[in-house]
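Participant: In the numbering used here, the protein residues as written are 25 to 894. Beta carbons: idealized from backbone N, C-alpha and C, even for Gly. From a predicted model like this one, the values you see are computed outputs, not experimental measurements.
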Amino acid sequence: MAYSGLRILMDDLKKIIHGNHNPLFNNNPMILSERPQFEQLYQELDCIIQTLSDIHQHHRHHHHELETVGNLKKRLKDAAEEAQDIIDLYLSAVTVDFSDSEPASTSLHVSKTSLDLKNVMRSIESIKVEFMTIDMHNMKIDPTPRIDTRSPSRKMKPSMEEFVVGHDRDAEIVRDKLVEDTKQLSIVSIVGMGGIGKTTLAAKLFNDSFIKYHFHIRAWATVSQSYERKELMTQILESISVQQDHEKDNDFQLREKLHKNLIGRRYLIVIDDIWSIKVWDDLKVFFPHENTGSRILLTTRVNEVALHVKPHGFVHSLPCLTGEESWELLKQKVFHGDECPEWLIKHGMQIAEKCHGLPLSVVVMAGVLAEESMNHDLWEEIACSVSSYIFGDQSGCLATLALSYHHLPDHLRECFLYLGGFPEDFRFDIERLIWLWVAEGFIEEAGNRSLEDTAKANLMDLINRNLVIIAKRDEIGDVIACKLHDLVRELCVQKAKEEGLFLKIDSPTSSSQLLEGSTYEHRRIFTNQNVNFLNIPHSLIRTIRTLLSFHVSLHLLKSNPHSFVLLRVLDLRESRSRDSPQWLALLVHLRYLAIRCLGEFPNSICNLWSLQTLILINSRSKHIYLPSNITNLVNLRHLWSNSMFCLPCIEKPMNLHSISKVMLKNRIPKVQICFPNIKKLVLYNGFDFQICSNNFFPYLEDLELFCMGLKGHIAFPAILKKLSLIKCELPWSHMSIIQLLPNLEVLKLERNVFTTGRQWDASEQQFQQLKFLMLKDFDIKQWEASSTSFPCLKHLSVSWCKDLEEIPLEIGEIATLELIEIDTCNKSVVESVKRIKQEQDNEGNDELKIIVDGMELSFYSSQRGSSESE
Numbered sequence: 025m026a027y028s029g030l031r032i033l034m035d036d037l038k039k040i041i042h043g044n045h046n047p048l049f050n051n052n053p054m055i056l057s058e059r060p061q062f063e064q065l066y067q068e069l070d071c072i073i074q075t076l077s078d079i080h081q082h083h084r085h086h087h088h089e090l091e092t093v094g095n096l097k098k099r100l101k102d103a104a105e106e107a108q109d110i111i112d113l114y115l116s117a118v119t120v121d122f123s124d125s126e127p128a129s130t131s132l133h134v135s136k137t138s139l140d141l142k143n144v145m146r147s148i149e150s151i152k153v154e155f156m157t158i159d160m161h162n163m164k165i166d167p168t169p170r171i172d173t174r175s176p177s178r179k180m181k182p183s184m185e186e187f188v189v190g191h192d193r194d195a196e197i198v199r200d201k202l203v204e205d206t207k208q209l210s211i212v213s214i215v216g217m218g219g220i221g222k223t224t225l226a227a228k229l230f231n232d233s234f235i236k237y238h239f240h241i242r243a244w245a246t247v248s249q250s251y252e253r254k255e256l257m258t259q260i261l262e263s264i265s266v267q268q269d270h271e272k273d274n275d276f277q278l279r280e281k282l283h284k285n286l287i288g289r290r291y292l293i294v295i296d297d298i299w300s301i302k303v304w305d306d307l308k309v310f311f312p313h314e315n316t317g318s319r320i321l322l323t324t325r326v327n328e329v330a331l332h333v334k335p336h337g338f339v340h341s342l343p344c345l346t347g348e349e350s351w352e353l354l355k356q357k358v359f360h361g362d363e364c365p366e367w368l369i370k371h372g373m374q375i376a377e378k379c380h381g382l383p384l385s386v387v388v389m390a391g392v393l394a395e396e397s398m399n400h401d402l403w404e405e406i407a408c409s410v411s412s413y414i415f416g417d418q419s420g421c422l423a424t425l426a427l428s429y430h431h432l433p434d435h436l437r438e439c440f441l442y443l444g445g446f447p448e449d450f451r452f453d454i455e456r457l458i459w460l461w462v463a464e465g466f467i468e469e470a471g472n473r474s475l476e477d478t479a480k481a482n483l484m485d486l487i488n489r490n491l492v493i494i495a496k497r498d499e500i501g502d503v504i505a506c507k508l509h510d511l512v513r514e515l516c517v518q519k520a521k522e523e524g525l526f527l528k529i530d531s532p533t534s535s536s537q538l539l540e541g542s543t544y545e546h547r548r549i550f551t552n553q554n555v556n557f558l559n560i561p562h563s564l565i566r567t568i569r570t571l572l573s574f575h576v577s578l579h580l581l582k583s584n585p586h587s588f589v590l591l592r593v594l595d596l597r598e599s600r601s602r603d604s605p606q607w608l609a610l611l612v613h614l615r616y617l618a619i620r621c622l623g624e625f626p627n628s629i630c631n632l633w634s635l636q637t638l639i640l641i642n643s644r645s646k647h648i649y650l651p652s653n654i655t656n657l658v659n660l661r662h663l664w665s666n667s668m669f670c671l672p673c674i675e676k677p678m679n680l681h682s683i684s685k686v687m688l689k690n691r692i693p694k695v696q697i698c699f700p701n702i703k704k705l706v707l708y709n710g711f712d713f714q715i716c717s718n719n720f721f722p723y724l725e726d727l728e729l730f731c732m733g734l735k736g737h738i739a740f741p742a743i744l745k746k747l748s749l750i751k752c753e754l755p756w757s758h759m760s761i762i763q764l765l766p767n768l769e770v771l772k773l774e775r776n777v778f779t780t781g782r783q784w785d786a787s788e789q790q791f792q793q794l795k796f797l798m799l800k801d802f803d804i805k806q807w808e809a810s811s812t813s814f815p816c817l818k819h820l821s822v823s824w825c826k827d828l829e830e831i832p833l834e835i836g837e838i839a840t841l842e843l844i845e846i847d848t849c850n851k852s853v854v855e856s857v858k859r860i861k862q863e864q865d866n867e868g869n870d871e872l873k874i875i876v877d878g879m880e881l882s883f884y885s886s887q888r889g890s891s892e893s894e
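Here is the structure:
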């Protein structure tokens, strides 16, 4: 079951029942005395979850039962939230009271707190009985899946009458693939988000005069989300004018007719709007695999479908329209080939621009403009309200995009809708988004896979479905930032509002009015406004679990902290309050905390035993000294700051998975002992640091060392994927150790990495997996390499290497190399990359890109030549 609140409740109950090595649980008599209640609740919920799993696994196609199940799940959600609130309030009271470090002023008066789960247990028992009744009823029903046979919307032989604008280059690329001189049947796929013009482009190609001439038979079928094999074969046969008997023809007869009409002929079949790999695997057997040069053209929103058939074909991702293309399409739709009056051009172009490159939005706005008079003031008014017209078109843009949402599996829905809470045009840092998802409880455990890895897989699934856009990749192509198309964000906001997932405060409207006007208890609030929570009644904010502020000023907890004791996620990075956050000690359920500090670590944080992620923005340029009792944070996985952490002599190892910029004090034990589970480590150190065995870091994948004079034998862990070395002053012999790392993909070497020797011979051994190599202010003069030294290298960056004489010519022969960047180096280095470029061009390799001092080499050369001639 995907509901995150129930997942968190079950996880919390397990920790309470089994202690979870937390002294506040293990030794607290008030928690021990209530364990029978916790165990009973856990058993009841576990029984319901198992019953639900059976219902969905075996009887998911009985729509009447699933509607009943949906209503019960809503009741279960409410009951679970009520139980979680009661339990968390009780835990807050007894753990804060039990802690000796807490001042009396923050006590929650445990003597007045009791754990009363009787009413909620009665509700859960009733829900369990109803679920079991449904399951027993379903066991008597034939479990054979029933396919929805409702006819999908058809587009038989798309008309050429509709004017098609934009994607001209895309049409050319796809057309070339359709008619290329290969005889075997191949599949060409067009992928992209809903409304981007996949079907329109396919129709443009379907009706292209050369395509008509090239193929003997052309057929069109639309699959859509409700797929039925017989219906699709019927569409194809009708498309090529084959007679059928709809009542008598069965699947076998239809398949025989289809095969008879396609065999021996060069055919083009367009299969529009396919959503599932299983559907394709079912369809592909229909089509003869002869060497006639036949083609199948697929359109899909799901990259996974296109990639599944890629071994036999070509995948083309369709981009958004440019501003010029959007304006051209708008003109054609409104004026049908006539000129646009000059006084309307400015506002018409504004309207086109605000459609954000989505053809469907342009068509919607063209319909609005076509119904209005060609009046300057009216077009100006419409230009100011484009979003309201697009979002108000319930049967257009949002309805089209909503198909993608409804096709999402349960475990992705909350992850997706959560993105709508962030500001417009927000660029998501992947790492922090994943930490938030984990803290919110959206991520289910999957075998031995970490929660973060599962969360990243979820994100890549949303990208694969063209619901999330990649905004930035790192040096080896991994996604590090993403964003939402404006219309997709609006879909998130709309659906999240229907589900009551969060409340957005993004206008000057009174926050009290928003809170009072909602039909849901508020679990999550996203705000970019200056909200004074001190003036809001406790009853309206007592259930808040998440508070993310994107505003510089937020009056929150100082005077009324008890109203927020249930918080799990608190992000106040933008709030510049100078108050000492001692009230944080009350928020024992926090899993994610991001705040500003004044260079000192708030000691109250060390009481937050549930904390998984801690982000500290240091408002002063000084180090943050971590207290020795930071090891109390037994669940802390990620510790990040814009300043350097100074770690004291800690009492026991930490469970950290990632830490940024940590400096170890001289009395600290070996870093391996401090962080046995570390995966990402940025270590600054000014004294002797040794890695004696790669077994000390069994999980370390990303390591940055800024250490003056490492001594002793260094044995980097074999699992390492990314390595940055700065001022380490290692002997050159250690380069052979680095070269032998079997999984290393990124290597950055900067400033005095090695102590002796100014010649690097990289031809003796091979960097097996290296994709990115950076040399910055690297003290070498001569560099030798062969084409096999870096067999997987994609990107080479060399900067400020003022003594380096040249880049080895053999580097240009690496088949995988895509980019060489040179910045502030000797003229001889520039000349060497020119020779590399010339040599590769002569061999027909025009894919290699070389950038010198920020300019691409061809442009750089022409600029340099013109300046020298002058």
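#1: Here's the rule I'm using: 16 or more other beta-carbon atoms within 10 Å means buried, otherwise exposed. How should threonine 258 be labelled?
#2: When the Cβ atoms of the stretch 445 to 463 are set against those of the stretch 418 to 434, are three or more pairs found closer than 8 Å?
#3: For phenylalanine 338, which residues of its own chain have a beta-carbon under 6 Å away from its beta-carbon, when the five flanking residues on both sides are left out?
#4: Measuring CB atoms only, is the stretch 543 to 552 touching the stretch 405 to 422, in the sense that at least three cross pairs come out at less than 8 Å?
#5: Should lysine 745 and glutamate 769 be called a contact, given that it needs their Cβ atoms to be closer than 8 Å?
#6: Taking a contact to mean a Cβ-Cβ separation below 8 Å, would you say aspartate 232 touches arginine 253 in this structure?
#7: Using only the heavy atoms of the ligand GTP, determine whether one of them is closer than 7 Å to the beta carbon of alanine 243.
#8: At what residues does the beta strand (DSSP E) containing tyrosine 442 begin and finish?
#9: Considering cysteine 670, what are the terminal residues of the beta strand (DSSP E) in which it resides?
#10: Which residue wins for smallest C-alpha separation from glutamate 280, given the options Lys98, Val309, Asp296 and Ser411?
#11: Ignore the nearest five residues each way along the sequence and tell me which others in arginine 859's own chain have a CB closer than 7 Å to its CB.
#12: For the candidate residues Leu353, Leu96 and Phe311, whose alpha-carbon lies nearest to that of serine 147?
#13: Would you mind giving the Cβ-Cβ distance between cysteine 630 and tyrosine 649, rounded to the nearest angstrom? I have them listed as a contact below 8 Å.
#14: With a cut-off of 8 Å on the beta carbons, I'd call cysteine 621 and serine 652 a contact; round off their distance for me.
#15: Along the beta strand (DSSP E) that carries arginine 456, what are the first and last residues, could you check?
#16: Which residues bound the alpha helix (DSSP H) around glutamine 413?
#17: Starting from the C-beta of threonine 848, find all residues in its chain whose C-beta is less than 8 Å away, skip the five residues before and the five after it, and write them out in chain order.
#18: Can you find the residues in the same chain that come closer than 8 Å, C-beta to C-beta, to arginine 59, ignoring five residues on each side of it along the sequence?
#19: Count the CB pairs spanning the stretch 360 to 377 and the stretch 227 to 245 that are closer than 8 Å, and state whether there are at least three.
#20: Does the beta-carbon distance from isoleucine 702 to phenylalanine 721 come in below 8 Å?
#21: Can you name the start and end residues of the beta strand (DSSP E) that leucine 321 belongs to?
#22: What are the boundary residues of the alpha helix (DSSP H) that glycine 337 is part of?
#23: Counting only the same chain and skipping the five closest in sequence on each side, list residues whose C-beta sits under 7 Å from that of leucine 515.
#24: Give a yes or no on contact between the stretch 588 to 597 and the stretch 610 to 617, applying the rule of three or more CB pairs nearer than 8 Å.
#25: Just to confirm, is the Cβ distance from phenylalanine 155 to leucine 56 under 8 Å?
#26: Under the rule that 16 or more other beta-carbon atoms within 10 Å means buried, what is tyrosine 237, buried or exposed?
#27: Taking 8 Å as the cut-off, does the stretch 281 to 299 touch the stretch 317 to 334 (at least 3 CB pairs, one atom from each stretch)?
#28: Starting from the C-beta of serine 7, find all residues in its chain whose C-beta is less than 8 Å away, skip the five residues before and the five after it, and write them out in chain order.
#29: Measuring straight from C-alpha to C-alpha, what distance separates valine 203 and aspartate 297?
#30: Express the C-alpha separation of valine 517 and asparagine 659 in angstroms, rounding to a whole number.
#31: Can you give me the C-alpha to C-alpha distance between isoleucine 761 and lysine 646, rounded to a whole angstrom?
#32: In terms of residue numbering, what span does the alpha helix (DSSP H) encompassing alanine 394 cover?
#33: From the DSSP output, in three-state form, read off serine 175 for me.
#34: Under three-state DSSP, which class holds arginine 859?
#35: Check whether the stretch 342 to 354 and the stretch 376 to 385 are in contact - that is, three or more C-beta pairs closer than 8 Å.
Facilitator: For this structure:
#1: buried
#2: no
#3: Lys201 and Val212
#4: no
#5: yes
#6: no
#7: As presented, the structure is devoid of all ligands, the ligand GTP included, so that no description of it is given.
#8: Not the beta strand (DSSP E): tyrosine 442 falls in the alpha helix (DSSP H), residues 434 to 442.
#9: 669 to 671
#10: Val309
#11: Leu833
#12: Leu96
#13: With a Cβ gap of about 13 Å, cysteine 630 and tyrosine 649 do not count as contacting.
#14: Their Cβ separation, rounded to whole angstroms, is 18 Å, which puts cysteine 621 and serine 652 out of contact at 8 Å.
#15: Not the beta strand (DSSP E): arginine 456 falls in the alpha helix (DSSP H), residues 454 to 464.
#16: Note that residue 413 is tyrosine in the sequence shown here, rather than glutamine. That run of the alpha helix (DSSP H) goes 410 to 416.
#17: Ser823, Trp824, Lys826 and Asp877
#18: Ile40 and Ile41
#19: no
#20: yes
#21: 319 to 324
#22: First-last for glycine 337: 337 to 341, but that is the beta strand (DSSP E), not the alpha helix (DSSP H).
#23: Leu422, Leu425, Ala426 and Tyr429
#24: yes
#25: no
#26: exposed
#27: yes
#28: The displayed coordinates of the chain run from 25 to 894. Any statement about residue 7 would go beyond what the structure contains.
#29: 22 Å
#30: 32 Å
#31: 36 Å
#32: 383 to 394
#33: Confidence is the limiting factor: at serine 175 the pLDDT is only 36, short of 50, which leaves the residue's position unreliable and the question unanswerable from this model.
#34: helix
#35: yes
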